[in-house]
Amino acid sequence: MPELPDVEVYRRRLAQGGLHRAIAKVLVPDRTVLRGVNGAALARALRGRALVGTGRRGKHLFAETSDQTTLVMHFGMTGVLQVDGQPSMPASYVRLVLQLADGGALSLLDPRRLGFVTVVEDVAAYCQQHDLGPDALDLRVGDLRALLRGHRGGLKAVLMDQSLVAGIGNIYSDEILFQARLDPRRPASGLDDAEVRRLHRQLLRVLQLAADRGADPSSFPMGWLMQHRNDGAACPRGHGAIRKVQLGGRGAYYCPDCQS
DNA sequence: ACCTATGTTATCGC
DNA sequence: GGCGATAACATAGG
3 MPELPDVEVY RRRLAQGGLH RAIAKVLVPD RTVLRGVNGA ALARALRGRA LVGTGRRGKH
63 LFAETSDQTT LVMHFGMTGV LQVDGQPSMP ASYVRLVLQL ADGGALSLLD PRRLGFVTVV
123 EDVAAYCQQH DLGPDALDLR VGDLRALLRG HRGGLKAVLM DQSLVAGIGN IYSDEILFQA
183 RLDPRRPASG LDDAEVRRLH RQLLRVLQLA ADRGADPSSF PMGWLMQHRN DGAACPRGHG
243 AIRKVQLGGR GAYYCPDCQS
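Position in the first sequence (from 1) plus 2 gives the number in this note's numbering.
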C-alpha cells in the first residue's frame, strides 16, 4: 500500500525498533530487487554495521548506516517493510532480509517485485538524479501555488507527478481532491487562491492523518472516499454517486456532485 | 481468458 | 517541452 503515509509508517517502524542493531547477514533471495548495486556490494555496505537513522522523501525510505552510507528502499505497489516477527507473507515474497546479530530481522516483502533497494553515499544527489520533488508534507502553501501555476495539466496528474511533489499516488490523490472538493481534471493553473489554500490544507491533513493512523483505511474517518472507491457507490457526503473515470491509465474515483 | 490493482519509466502523437 | 494516452515491468485475484 505504499504511498507517502504507508512509507512513513515503515519509517517510524524502523526508527522505533530497527536502529542500532548489528547486521549479521544480508540475504537477497531475488536479485531483481537490487537496483544499481549488486549483492556483494550491498552486503559489504551493510554487514557488520547497524542502521542508525531514518529519512524519507515521498515514497522513498532511507536508512543511514553507521558507516555513512545509506540504504534506499522503494516499495513499488505491494512492498512491505517488516521489523522482527514472523513473516506476514509467504516466504516466496521475501526479497531482502537483514539478519540481525540479536536474532531479529528486517525484511522487505514484495509480491509483485516492483519495489527495489540500493545503497548510496549521498541522499541529496540520489534525489536530484531521480528528479524527486519536495516531500508532500514539507509543501508550504506558496510552494503549492507556484507549482500549480506552472502546469496546465489536470490536478490529479500534477499531484501524482513525483518530480513536482513526492509521495502522492493514485489512492491519496483521489482522497485529497475529494476532501478539497476539486475535480481531478481541473487544470492545475486554473485554481483561484481560496481553492489553492483548500487543496493545501487537505493535502497535509489527509497525508498526516493517514500516517498517524497507521495508513490503515479501516481507521480513517467516516466521510473519507477511501472505502467508497467503487463506481456507483454512495458518496460518503450523501450528495450523489461516486464515478470512476480513466485518467493517465489509472482509475480515478470522484463525486461529480461535490467536486468541481 | 479477461480485467483490475497502492508505482515507475519509456514512447507515441498532438 | 508540455501533456495525455498507452504499454511495459511482475504477480495475484475476481
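Quick reminder that beta carbons are idealized off the backbone N, C-alpha and C, glycines included.
Values in this document were obtained by computation on a predicted structure and should not be read as measured data.
query	result
Can you tell which of 115, 111 and 206 has the C-alpha that lies nearest to the C-alpha of residue 93?	111
Whose CA, out of 76, 46, 68 and 66, lies closest to the CA of residue 37?	76
Quick check on the DSSP output: the beta strand (DSSP E) that includes residue 255 runs from which residue to which?	252-256
One question on the structure: do residue 6 and residue 156 come within less than 8 Å of each other, judged by their Cβ atoms?	no
From the DSSP output, in three-state form, read off residue 189 for me.	strand
Whole-angstrom Cβ separation of residue 206 and residue 139, contact assumed at under 8 Å?	7 Å
For residue 245, write down the residues that DSSP places opposite it in a beta bridge.	256
Can you give the beta carbon distance from residue 174 to residue 208, rounded, assuming they're within the 8 Å contact cut?	6 Å
Need the endpoints of the beta strand (DSSP E) that residue 25 sits in, please.	25-29
For residue 202, count neighbouring C-beta atoms within 10 Å of its own C-beta (all shown protein chains included) and say buried if the count is 16 or more, exposed if not.	buried
Got a sec? Which residues, its chain only, sit under 7 Å from residue 179 by beta carbon, not counting five neighbours each side?	157, 158, 186, 256 and 261
Where residue 217 and residue 43 are concerned, what is the direct C-alpha to C-alpha distance, given to the nearest angstrom?	33 Å
Considering only the alpha carbon of each residue, which of 21, 47, 17 and 12 lies closest to residue 1?	With the chain covering 3 to 262 only, the question about residue 1 has no answer from this structure.
Suppose the cutoff is 8 Å on Cβ atoms and the five residues either side in sequence are ignored; what does the same chain contact list for residue 115 look like?	32, 34, 35, 78 and 97
With a Cβ-Cβ cutoff of 8 Å, do residue 227 and residue 259 count as a contact?	no
List the endpoints of the continuous beta strand (DSSP E) containing residue 107.	107-111
Can you tell which of 118, 204, 146 and 19 has its C-alpha closest to the C-alpha of residue 61?	118
Would you identify the three-state DSSP class for residue 91, choosing helix, strand or coil?	coil
By DSSP, does residue 15 sit in helix, in strand, or in coil?	helix
For residue 57, list the residues DSSP reports as bridge partners.	64
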